[in-house]
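Numbering (the UniProt record's numbering), first residue to last: 1 to 159.
From the three backbone atoms N, C-alpha and C, an ideal C-beta is built for every residue, glycine too.
Taking it in order: structure first as C-alpha cells, then the write-up.
Okay, here's the thing in C-alpha cells:
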C-alpha cells in the first residue's frame, strides 16, 4: 500500500495524539516513559517545532503508521528523535522510507550533521541507521543523554 509522509501540523487535531501514541507504543514495549518523553510527546509543538525542529508523520490509507522528528541542536546540527513505526507496518520498508525522508529534509534545512540516540536492544533500528551511513560518535564527543535507555550514539555527516 502506498505511504504518504507529511509535516506534523499542530492545527490538525489528530496529529499530536498520533505522534504520542506511535511513540508510547514502542517505548512502553521495550522501556518506560521517561520525563523527557512525557514532555516531548504531550507538547510536540513547543518541544520540537517552536525550537526549530520538525516532525514527519507517515500514513497508509489515512491511518498514521509512523513518525520521525528532527530536534535542532545547533545551527546545522539536528538530532533524529522519536522514530516509530506501527508493528503492522514493520518489515515493509516504511522505517527506511521515513528515515530517508527525514534525512533529506534535514539536508534541505542545511544540516551538516545528524545525531541519533538509541538502545542496543533495538537491533533492527541500529542496523537501519548504520545501513544509511550513521557511525558511532567518538567517546570524547559524547554528551549526557536525557534518556537512561540510550546506550548507542550515532552520527551522520553530510558528504
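Measuring straight from C-alpha to C-alpha, what distance separates residue i and residue j?
{"i": "residue 134", "j": "residue 152", "result": "11 Å"}
{"i": "residue 24", "j": "residue 159", "result": "34 Å"}
{"i": "residue 7", "j": "residue 154", "result": "24 Å"}
{"i": "residue 129", "j": "residue 62", "result": "27 Å"}
{"i": "residue 139", "j": "residue 26", "result": "27 Å"}
{"i": "residue 126", "j": "residue 96", "result": "12 Å"}
{"i": "residue 104", "j": "residue 81", "result": "15 Å"}
{"i": "residue 145", "j": "residue 120", "result": "15 Å"}
{"i": "residue 13", "j": "residue 32", "result": "26 Å"}
{"i": "residue 157", "j": "residue 122", "result": "22 Å"}
{"i": "residue 72", "j": "residue 30", "result": "26 Å"}
{"i": "residue 66", "j": "residue 113", "result": "23 Å"}
{"i": "residue 79", "j": "residue 1", "result": "29 Å"}
{"i": "residue 34", "j": "residue 124", "result": "22 Å"}
Less than 8 Å between the CB atoms is what I'm expecting for residue i and residue j, so what's the real figure, rounded?
{"i": "residue 115", "j": "residue 36", "result": "So it is not a contact: roughly 15 Å between Cβ atoms."}
{"i": "residue 99", "j": "residue 132", "result": "6 Å"}
{"i": "residue 10", "j": "residue 49", "result": "7 Å"}
For residue i, which residues of its own chain have a beta-carbon under 6 Å away from its beta-carbon, when the five flanking residues on both sides are left out?
{"i": "residue 64", "result": "18, 57"}
{"i": "residue 77", "result": "113"}
{"i": "residue 5", "result": "56, 58, 101"}
Return yes when the Cβ of residue j is within less than 7 Å of the Cβ of residue i, no when it is not.
{"i": "residue 70", "j": "residue 53", "result": "yes"}
{"i": "residue 68", "j": "residue 28", "result": "no"}
{"i": "residue 117", "j": "residue 150", "result": "yes"}
{"i": "residue 60", "j": "residue 3", "result": "yes"}
For chain B, find out if any of its Cβ atoms is closer than 7 Å to the Cβ of residue i; answer yes or no.
{"i": "residue 1", "result": "The chain labelled as chain B is not found in the depicted structure, where only one protein chain is given."}
Near residue i, which residues of its chain fall below 7 Å by C-beta distance, leaving aside the five closest residues on each side in sequence?
{"i": "residue 15", "result": "8, 9, 57"}
{"i": "residue 39", "result": "47"}
CB-CB under 8 Å to residue i, same chain, minus the five flanking residues each way: which ones, in chain order?
{"i": "residue 137", "result": "115, 153, 154, 155"}
Handout entry: Stretch-stretch touch, CB-based, cutoff 8 Å, three pairs: the region 83–96 with the region 33–46
Key = no
Handout entry: Inter-stretch contact at 8 Å, needing at least 3 Cβ pairs: the region 101–114 / the region 13–20
Key = no
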